[in-house]
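Worksheet: one structure, shown below.
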């Protein structure tokens, strides 16, 4: 509940004992024990040491519990950092899937003005520091944070992250989100130009891309142009 998560308005986050409690009640057992988090200490050391591969596994249920609490306005983006810190404290390997879940948590916090692009960038920096490759899902999760925050600063940050990302992770969904971010911040011409950029990569825009483009059309003539492209 709200009290259990701490006072987010005062910069608080989930208590370490709450994280442990959520992990245990979700069937994880005591950290370090028989029911340790998926990809626990042994797997973590093996990955870091180049030994046997850690099983990617699913995102621990208690991470999803925290994310749902944040969606209800009972937490903040700082909870995402607490998740990463806690998992490392019990020797758990933080998988790309967990990073994506944490970014989703930040985007949910941003809906309540309790998370920002800066928080999401800190998660991306953590990924880079730990040599975790940026995935399509992680990029999209980051762009969702920028869309939730809104504004020109978020749009510029989203553009820079997208431009620096590997081409292989720039999916239709990623283009759709970036178009939406730019359009909402008033950067309509840039958002509009992304449709042709997407085509130049050999990827055909889908219905979601075109729907996002509708909000980016700078004038009536552009709408007619978009209709022609959709019919082509």
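Residue numbers (the numbering used here): 65 to 296. Don't be surprised by glycine CBs; every beta carbon is placed ideally from N, CA and C. These numbers come from a predicted model, not from an experiment.
A check of alpha carbon separations from residue 251 across 269, 279, 264, 274 identifies 279 as the nearest.
Residue 266 sits exposed, since fewer than 16 C-beta atoms from the chains shown fall within 10 Å of its C-beta. If you look at residue 272, you'll find it in the alpha helix (DSSP H) that goes 271–278. At a Cβ-Cβ threshold of 8 Å, residue 202 and residue 210 do not count as neighbours. By a beta-carbon distance limit of 8 Å, residue 249 contacts residue 215. Their separation comes to about 6 Å. Cβ contact annotation for residue 158 (same chain, cutoff 8 Å, sequence separation greater than five): 148, 151, 152, 194, 196, in chain order. According to the DSSP assignment, residue 160 belongs to the alpha helix (DSSP H) that extends over 160–174. In terms of CA proximity to residue 227, 198 leads the group 198, 213, 131. Counting of Cβ neighbours within 10 angstroms places residue 172 among the buried residues, the total reaching 16 or more.
Shown here, residue 144 sits in a helix according to DSSP, grouped into three states. In the three-state reduction of the DSSP assignment, residue 228 falls in the helix class, which pools H, G and I.
One Cα belongs to residue 143, the other to residue 234, and the distance between them is close to 28 Å.
When the five nearest sequence neighbours on each side are left out, the beta carbons in the same chain lying within less than 6 Å of the beta carbon of residue 170 are those of 141, 144, 179, 183, 184, 209, in order along the chain. Contact between residue 242 and residue 222 holds: their C-beta atoms lie close to 6 Å from each other, under 8 Å.
Counting along the chain, residue 134 sits inside the alpha helix (DSSP H) bounded by residues 125–135.
Linking residue 272 to residue 239 through their CA atoms gives a straight-line distance of about 10 Å.
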